[in-house]
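K.L.:
Residue numbers (my numbering): 235 to 322.
#1: Please return the same chain residues whose Cβ sits closer than 6 Å to the Cβ of residue 314, not counting the five positions on each side in sequence.
#2: Do the segment 251 to 270 and the segment 282 to 289 make contact, defined as three or more Cβ pairs closer than 8 Å?
#3: By Cβ distance below 6 Å, which residues in the same chain neighbour residue 294 in space, the five residues on each side in sequence not counted?
#4: Quick one, are the C-beta atoms of residue 243 and residue 266 less than 8 Å apart?
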């Protein structure tokens, strides 16, 4: 059912694979944006979606990058979102 490459990852590190699946489901972009739209009182999404900030911060929190500044050099979905983050 699963590809041989994926099976190799499951065999080598099942906890890592489970965490990846869990994080992808919990931090789903549409879910994050829906939560933000539901509970935000004064904040709003104009150029930068809340899910983009969650994605960026998760890279820092999980230790992939030492700071937000280091992680921001990654390509974001749109140039407008990058400009919005940099102006903050």
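C-beta atoms are modelled at their ideal positions from N, C-alpha and C, and glycine is treated no differently.
P.N.:
Reading from the atomic positions:
#1: These residues qualify, in order along the chain: 281.
#2: Counting Cβ pairs under 8 Å, three or more are found: they touch.
#3: The beta carbon of residue 294 lies closer than 6 Å to those of 302 and 305 in the same chain, with the five residues before and after it left out.
#4: Judged by their CB atoms, residue 243 and residue 266 are not nearer to each other than the 8 Å cut-off.
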